[in-house]
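K.L.:
Have a look at the structure that comes next, please.
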Amino acid sequence: MTCAPTTVKAPAVPDGIRLSLASNDVQLRQVAEAQNEAYGQPETTDHDVTRLRSTLDAGGLVAVALDTSTGSGVGGGLCASPHCGISELAAIGVRAPYRNRGIAAALTALLTRACTSVDIATPFLTPAGEAEERIYHSVGYRPATEMLHISLQNSSG
Numbered sequence: 010m011t012c013a014p015t016t017v018k019a020p021a022v023p024d025g026i027r028l029s030l031a032s033n034d035v036q037l038r039q040v041a042e043a044q045n046e047a048y049g050q051p052e053t054t055d056h057d058v059t060r061l062r063s064t065l066d067a068g069g070l071v072a073v074a075l076d077t078s079t080g081s082g083v084g085g086g087l088c089a090s091p092h093c094g095i096s097e098l099a100a101i102g103v104r105a106p107y108r109n110r111g112i113a114a115a116l117t118a119l120l121t122r123a124c125t126s127v128d129i130a131t132p133f134l135t136p137a138g139e140a141e142e143r144i145y146h147s148v149g150y151r152p153a154t155e156m157l158h159i160s161l162q163n164s165s166g
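Going from the sequence shown to the working numbering is simple: count from 1 and add 9.
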């Protein structure tokens, strides 16, 4: 799915949530913690922060969603470093207690709008399923092509 940064639909940010582009290691750790919890990873390490820092250092973007009452990271996502103006928007994750409030859509819109600031003309993403596709569709992403996954099964045994 793709969406031109200039045509993204910006949904309302839920009350009590603040979105921003991450720029320091405290924010990057908040993103990593939220993503890891959202994707079932048991802990956050310095390696997770370093990985996100390398995304920024290579020209990509990282976004964080914060609970304004606690200051904790509740969600995050990224755009990988661009190649010829193209970048993958990925790893949108929201902690379970904060889901179904529009945070994932708001993070997607923020990252998509910010693409032009780092010379990304064509962000693309691959939804994990129908629920994620609906979220991305709501901010303006549309199917561009279909992907076929094939695996070779080894029958030796």
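Every residue, glycine too, gets a C-beta built ideally from N, C-alpha and C.
Note that the coordinates shown come from a computational prediction; the quantities given were computed from them, not determined experimentally.
Is it the case that the Cβ atoms of Ile101 and Ala113 are separated by a distance below 7 Å?
P.N.:
Yes.
K.L.:
Considering only their Cβ atoms, is the gap separating Gly25 from Ser81 smaller than 7 Å?
P.N.:
No. Outside cutoff.
K.L.:
Considering only their Cβ atoms, is the gap separating Leu28 from Ala74 smaller than 7 Å?
P.N.:
Yes, the Cβ-Cβ distance between Ala74 and Leu28 is below 7 Å.
K.L.:
As a quick exercise: from Cys12, Gly86, Asp76, pick the residue whose alpha carbon is nearest that of Leu70.
P.N.:
The shortest C-alpha separation from Leu70 is found at Gly86.
K.L.:
I'd like to confirm the pairing. Which residues does DSSP put opposite Val103 in its beta bridges?
P.N.:
Its beta-bridge partners are Gly84.
K.L.:
Anyone know if the C-beta pair for Leu37 and Ala31 falls short of 7 Å?
P.N.:
Contact: yes.
K.L.:
At the level of alpha carbons, what is the spacing between Glu139 and Pro23?
P.N.:
Their backbone Cα atoms lie some 22 Å apart in a straight line.
K.L.:
Rounded to whole angstroms, what's the CA-CA distance from Gln39 to Thr54? Just pull it up for me.
P.N.:
If you take the alpha carbons of Gln39 and Thr54, they lie about 11 Å apart.
K.L.:
Any idea what DSSP makes of Val17, helix, strand or coil?
P.N.:
If DSSP states are grouped into helix, strand and coil, Val17 belongs with coil.
K.L.:
What is the rounded straight-line gap between the Cα of Val83 and the Cα of Asp66?
P.N.:
Distance between the alpha carbons of Val83 and Asp66 is about 23 Å.
K.L.:
Measuring CA to CA, which of Lys18, Glu142, Ile95 is closest to Cys124?
P.N.:
The shortest C-alpha separation from Cys124 is found at Ile95.
K.L.:
Fully enclosed by the segment 30-65, which alpha helix (DSSP H) runs are 4 residues long or longer?
P.N.:
Listed in chain order, they are 34-47.
K.L.:
Taking the C-alpha atoms as reference points, what is the distance between Arg104 and Ile159?
P.N.:
Rounded to the nearest angstrom, the two C-alpha atoms are 31 Å apart.
K.L.:
Within the same chain, show all residues whose beta-carbon is closer than 6 Å to that of Ala19, passing over the 5 residues directly before and after it, in chain order.
P.N.:
Taken in chain order, the residues that qualify are Ala118.
K.L.:
When burial is assigned at 16 or more other CB atoms within 10 Å of the CB, is Leu2 buried or exposed?
P.N.:
The shown model of the chain, from 10 to 166, leaves out residue 2, and the question about it has no answer.
K.L.:
Mind checking who Ile26 pairs with in its DSSP beta bridge?
P.N.:
The partner list for Ile26 (beta bridge, DSSP) reads Asp76.
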